[in-house]
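Participant: Numbered per numbering that gives the first Met the number 0, the sequence shown spans residues 0 to 252.
By construction, the Cβ of each residue, glycine as well, lies at the ideal position given by its N, Cα and C atoms.
Starting off with a structure, shown below.
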Amino acid sequence: MNSKPLLSIVSSARATGTARAIAARRVAAALVFGVSAAVLASAPVQAASITSLVKSVKFDDDKGVASDLGTGLDPNALDEQGNPLLVLAAREKSDKVAALLLDNPKTKIDAEDRAGENALMLAALNGDLDLVKLLITKGAQVNKTGWTPLHYAAANGNDDIAKLLLGYSAQVDALSPNGTTPLMMAARGDHMSTAKLLLDSGANINAKNQIGLNALDFAKQYKAPDAIKGLSARMAQSGGQSDNAAAPQNGAK
Numbered sequence: 000m001n002s003k004p005l006l007s008i009v010s011s012a013r014a015t016g017t018a019r020a021i022a023a024r025r026v027a028a029a030l031v032f033g034v035s036a037a038v039l040a041s042a043p044v045q046a047a048s049i050t051s052l053v054k055s056v057k058f059d060d061d062k063g064v065a066s067d068l069g070t071g072l073d074p075n076a077l078d079e080q081g082n083p084l085l086v087l088a089a090r091e092k093s094d095k096v097a098a099l100l101l102d103n104p105k106t107k108i109d110a111e112d113r114a115g116e117n118a119l120m121l122a123a124l125n126g127d128l129d130l131v132k133l134l135i136t137k138g139a140q141v142n143k144t145g146w147t148p149l150h151y152a153a154a155n156g157n158d159d160i161a162k163l164l165l166g167y168s169a170q171v172d173a174l175s176p177n178g179t180t181p182l183m184m185a186a187r188g189d190h191m192s193t194a195k196l197l198l199d200s201g202a203n204i205n206a207k208n209q210i211g212l213n214a215l216d217f218a219k220q221y222k223a224p225d226a227i228k229g230l231s232a233r234m235a236q237s238g239g240q241s242d243n244a245a246a247p248q249n250g251a252k
C-alpha cells in the first residue's frame, strides 16, 4: 500500500493532470501557429544565448561570438535596443568581432539600427580607420540616402577617414534629411582641417540647409572660432562664392 497520505496522492494526481493539460494546450497552440513544440520549449534557451552573444560582442570576445554562432545563432541578430550585431561591434569598437562577422557570408554589412545608422557610419564617427577600411573592402556602401559616413566622419573631425571616404567617391555635398552637408557638420564641431579638406575636394561653401543656414552660419551658431575664422577667410577669397558654385551633388535626401 502506498505510504503517502491520501491527500498528497490526490494533490499529486491533480497536479500531474494539470501539468499534462498545460503541456497539451502548449502543443496545441504551437500546432495552430505552425511552431513545433521543440522550438517552443527552446525559446528561453535561445533568449539566453542571444544575451550571451551580445555580451561577447560588446567585450570584443571573438571566440565567444564564434562559439555562439556555431550553435546556429543568426549573425544579424538584434540586441534589446534593436542594434544588429555588426552595428553594435562598430559602436563598441569591437574590431575583432566585427572582422569575424564580416567573414560570415550571412552578415548584412549595411544593416541599420533604429536610428538609421550602420556599421560604416559608426566606425567613421569613432575614428576607427582600420574598421572603415575593412568595411569598404567588404563592400559597405560609402554613399546612402540621408546621413552618410562622410557626415559622421566630419562631425568628429576624423580627417583620415574623410579623406579615405572621398577617395572612394563619397559625395562631398551629400544632403541629410534636413539638408545638412558634411561641411556644415565639420563647421559645427570647429574642425577646420576637415572643412578645408572638404572644400579642397569641391564642397560648396554657400550650400544652405532647409532653414537657410550655410557652413559659416553653423560655425557662428555653435561658437566655433577656428571654423568662423577659416570659413570667413575662404568666403572672402572667393568673393562670397565657393570654388564650386554649382548646385551640390545630391543623390541623398
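Put residue 174 into one of helix, strand or coil per three-state DSSP.
Facilitator: Looking at residue 174 - three-state DSSP - the assignment turns out to be coil, as it is neither helix nor strand.
Participant: Starting from the C-beta of residue 177, find all residues in its chain whose C-beta is less than 8 angstroms away, skip the five residues before and the five after it, and write them out in chain order.
Facilitator: 208, 209 and 210
Participant: Please go through the region 152–212 and give each complete alpha helix (DSSP H) segment of 4 or more residues, from N-terminal end onward.
Facilitator: List check, alpha helix (DSSP H) in window: 158–166, 181–187 and 191–199.
Participant: What residue range does the alpha helix (DSSP H) around residue 217 cover?
Facilitator: 214–220
Participant: I need the DSSP call for residue 100, collapsed to helix, strand or coil.
Facilitator: In this structure, DSSP gives residue 100 a helical state, which the three-state scheme calls helix.
Participant: In its own chain, which residues sit with a C-beta less than 7 angstroms from the C-beta of residue 157, not counting the 5 before and 5 after it?
Facilitator: Sequence-distant partners of residue 157 (beyond 5 residues in either direction) whose C-beta falls short of 7 angstroms from its own C-beta, in its chain, are 123 and 126.
Participant: Starting from the C-beta of residue 138, find all residues in its chain whose C-beta is less than 8 angstroms away, skip the five residues before and the five after it, and write them out in chain order.
Facilitator: For residue 138, where only same-chain residues beyond five positions count, the Cβ hits under 8 angstroms are 108.
Participant: Can you name, in chain order, every residue of its own chain whose Cβ lies under 6 angstroms from the Cβ of residue 59, other than the five neighbours on each side?
Facilitator: 93, 95 and 96
Participant: Buried or exposed for residue 55, please, with buried defined as at least 16 other CB atoms from any protein chain shown within 10 angstroms of its CB.
Facilitator: buried
Participant: Can you look up residue 84 in the DSSP assignment and give me helix, strand or coil?
Facilitator: helix
Participant: Only counting the same chain, and skipping five residues up and downstream in sequence, which positions put a Cβ closer than 7 angstroms to that of residue 61?
Facilitator: 95, 96 and 99
Participant: Rounded to whole angstroms, what's the CA-CA distance from residue 196 to residue 102? Just pull it up for me.
Facilitator: Spanning the two alpha carbons is a distance of roughly 33 angstroms.
Participant: Nearest to residue 200 by alpha carbon, out of 161, 87 and 131?
Facilitator: 161
Participant: Taking the beta carbon of residue 169 as the centre, do at least 16 other beta carbons fall within 10 Å, making it buried, or is it exposed?
Facilitator: buried
Participant: Among 77, 167 and 191, whose alpha-carbon lies nearest the alpha-carbon of residue 225?
Facilitator: 191
Participant: Leaving out five residues before and five after residue 76 in sequence, what residues of the same chain have Cβ atoms less than 7 angstroms from its Cβ?
Facilitator: 49, 52 and 84
Participant: Grab the span of the alpha helix (DSSP H) containing residue 73 for me, first residue to last.
Facilitator: Counting along the chain, residue 73 falls outside any alpha helix (DSSP H), and DSSP gives it neither H nor E.
Participant: Tell me where the alpha helix (DSSP H) around residue 236 begins and ends.
Facilitator: 224–236
Participant: For the putative contact between residue 185 and residue 153, defined by C-beta atoms under 8 angstroms, what is the C-beta separation to the nearest angstrom?
Facilitator: 4 angstroms
Participant: Could you check if residue 235 is buried or exposed, using at least 16 other CB atoms within 10 Å of its CB as the buried criterion?
Facilitator: exposed
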